[in-house]
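Notes follow once the structure below has been shown.
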Amino acid sequence: MTTDVEERTTAEPAPARPRRRWLVPLLAVLLLAQLAVAMVTTAVQQTPTIDEPVYVGTAVTYLEQHSLRYNPEHPPLGKLLMAAGLAFASPELDPAFRGDQTALGRHVLYEAGNDPDELMLLARLPIIVLTLLFGLVVFAFARDLTGAAGGVLALALYAFSPDVITHGSLATLDVPAIGFLLTAVWLTWRARAGKRTALLLALAGAALGAALATRMSVLPAVPVVLLLALLATPAWRRGVATRERLRGLALAAGVGVVAVVIVWLSYLAVDPGLRWTPPPGLPDEGLRGLLTGLLPLPEAYRDGMRVQFAFEDSTFSGFLFGRHYQGSLWYYLPAALLVKTPLGMLALLAAGAVALLAVPRLRSAAPYVLVLPALLLAVAMTGARDFGTRYAIFMPMFLAVAAAAVVALKWRWAAVTAGVLAVLVAVSSLRTFPYYLPYSNEAFGGPERTHLRLHDSNVDWGQDLGRLADRLRERYPGEPVWLVYKGAGVPEAYGISAKNPLKVPPEDVHGLLVVSDSSIAKATGKLATLLRTSGEPIDEVGHSISIFRRP
């Protein structure tokens, strides 16, 4: 076995013996098939979450009007991918519609004559396909580092991650943005081998640009990726000729140039004329606004950054371990990840990170696998919105690759222990099927108790309106319903006829009181009074909606 770090970490793993050559591909196919079934089932059964109608409505305007007007706080690429699926339905949009992006989503799904279930599935399918492709990136990255066993282990953690399944099955931007970023990092790692370096770095730039063109939250990663690109060239090594040093610097800079080009192309794909009117009330943002204005990006992108700055300067409310609070808590995301990550995965992710640093031949991979999630988590922890682990979806995606390092430990039972923990992760994930969104691990009581500790996209994001309609029709036909629903769906569109209990005195509310668990978590005033006088729930739907009976 060679001891040369550079050669060992970039060389292709030795081929398996012929009689077992089929085993690794078979395991990879089975894991991806499980992931596909879980995501498609989830996509079919869940009604629109809070963010999805905005993205779907915006995607339809891309198709019908080629307008950048809506949802400027997020770049277009993710919504263009959704539009590729929506194009098969030829969705209707009233050309005379005027309203904000929330009203747009409601109009497209429920008022324009479209089938909301069909539109949601078609918008979600491209994200599902991307999530499966990113699973191949996780497998390939881990295989490059540790061999086939590590690749299978990493893919298993990715495929059974409840957060990946949840957000990979929704028409949202979190998984696509981080998946493109992970792809960019993997390509810079591959470029270290010295073969096709220029091509691989150009592809890394395209992947980085795709991440930037999907979600602005990846912007802090840009300097790191450019540095990793430089490390893939000889430019940083001692004794390198000036010509080679300049070539390396040019290749690394080229990654940034390609990324910027991809961002511009995503806006041009929506509107070749780049017609853009800044939204009213756009804040100047002082120094941040000045620096934003210097970026070589479309005006719409830079104004979208200003919208995001305004969000970060706002005060939101949160809920953590039974406490309803105003503002944000720096430890919210670590605490939420502790609740919503399978116990076996927590152990493997931590052990993998340690192994990357402990195993000499893997230490050169640590900056590629560990630095970005650490940086992005630090940035996210300073954010103003304590809304869910989707803001840290990079943790299971990047650290699944890190976990593969466990199989490289010189400990007799390392591989067996990793396999047992992976099986425990699979069991925990399968037990929550098909309710992946409200998942919490066994130490915190499982998905039925997540609402006692977390809220919003951690447990109740409006996804169970359709399930609620089925439950009311099957178990409570004809009973009066009073509904407090936190979501973007329209109850009447699913056959739910309900009154608002917050518009009448509590003593006038009789029958079924149905309340979203996120509303319960933040209940004040009249709703708090209603809940206090309604006793214990008689039923629950999807671990996200509670049903009470008031005599």
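Residue numbering for the sequence shown follows the working numbering, starting at 67 and increasing by one per position.
Even for Gly, the Cβ is constructed at its ideal location relative to N, Cα and C.
Query, Result
"Cutoff 6 Å; reference Thr232; Cβ partners in own chain excluding five residues on either side", "Tyr502 and Leu503"
"Member of Gly410, Pro114 and Arg478 whose CA lies at the smallest distance from the CA of Tyr551", "Pro114"
"Strand pairing of His390, partner residues [DSSP]", "Phe385"
"Inter-residue CB distance, Thr108 and Ser235 (contact presumed, cutoff 8 Å)", "4 Å"
"Beta-carbon proximity list for Ala155, same chain, < 8 Å, skipping 5 on both sides", "Asn180, Asp181, Glu184, Leu185 and Leu188"
"Contact set for Ala298: own chain, Cβ-Cβ below 6 Å, skip 5 residues either direction", "Thr254, Ala257 and Arg258"
"Where the alpha helix (DSSP H) containing Phe464 begins and where it ends", "Phe460 to Ala469"
"Gly511 burial status per 10 Å Cβ neighbour count (16 or more: buried)", "exposed"
"Closest residue to Ala318 among Arg341, Trp342 and Val290 (Cα-Cα distance)", "Val290"
"For Ser494, the first and last residue of its enclosing alpha helix (DSSP H)", "Ala480 to Thr498"
"Extent of the continuous beta strand (DSSP E) run through Gly577", "Gly577 to Ser582"
"Exposure label - Asp240; buried when at least 16 CB within 10 Å", "buried"
"Distance, Asp229 Cα to Val525 Cα", "11 Å"
"Per-residue burial, Glu78 [other beta carbons within 10 Å of its own, 16 or more giving buried]", "Because the pLDDT of Glu78 is 48, which lies under 50, any placement of that residue in the model is unreliable, and the number read from its coordinates should be weighed accordingly. So Glu78 counts as exposed."
"At least three beta-carbon pairs within less than 8 Å, the stretch 194-213 to the stretch 465-472", "yes"
"In chain order, each beta strand (DSSP E) run of at least 3 residues that lies wholly inside the stretch 427-455", "none"
"DSSP beta-bridge partners of Arg616", "Gly577"
"Euclidean distance between Cα positions of Ser380 and Gln392", "11 Å"
"Spatial neighbours of Leu144 in its chain, beta-carbon cut-off 6 Å, leaving aside the 5 residues before and after", "According to the sequence as given, residue 144 is Gly; it is not Leu. Correct list, in chain order: Leu239, Pro242 and Thr280."
"Contact belief for Val329 with Pro462 at Cβ below 8 Å, rounded distance in angstroms", "Not really, about 26 Å apart at Cβ, beyond 8 Å."
"Backbone secondary structure at Trp548 - three-state DSSP", "strand"
"Integer-rounded CB distance, given that Val204 should sit under 8 Å from Tyr224", "5 Å"
"With 16 other Cβ atoms within 10 Å as the buried cut-off, status of His609", "buried"
"Cβ neighbours of Glu606 in the same chain (closer than 6 Å, five flanking residues each side left out)", "Ser612"
"Backbone secondary structure at Lys592 - three-state DSSP", "helix"
"The beta strand (DSSP E) enclosing Asp526, as first and last residue numbers", "Where Asp526 is concerned, there is no enclosing beta strand (DSSP E), given that its DSSP letter is neither H nor E."
"Given 8 Å, three or more beta-carbon pairs between the stretch 348-367 and the stretch 472-489", "no"
"Identity of the residue in Ala102, Gln112 and Glu139 nearest Val120 by Cα", "Glu139"
"Inter-residue Cα distance where the pair is Ala450 and Val306", "46 Å"
"Start and end residues, alpha helix (DSSP H) containing Asp229", "Pro228 to Gly234"
"Top-ranked residue by Cα proximity to Ala589, from Glu573, Gly561 and Leu518", "Leu518"
"Between the CA atoms of Ser394 and Leu356 - distance to the nearest angstrom", "26 Å"
"Classification of Asp166 by the beta-carbon crowding that lies within 10 angstroms, buried from 16 upward", "exposed"
"Which of helix, strand or coil DSSP assigns to Thr75", "Caution applies to Thr75, whose pLDDT of 42 falls short of 50 and renders its modelled position unreliable; the model cannot decide the point."
"Whole-angstrom C-beta distance between Val547 and Ala564, which should lie under 8 Å", "4 Å"
"Alpha-carbon spacing of Leu315 relative to His173, whole angstroms", "50 Å"
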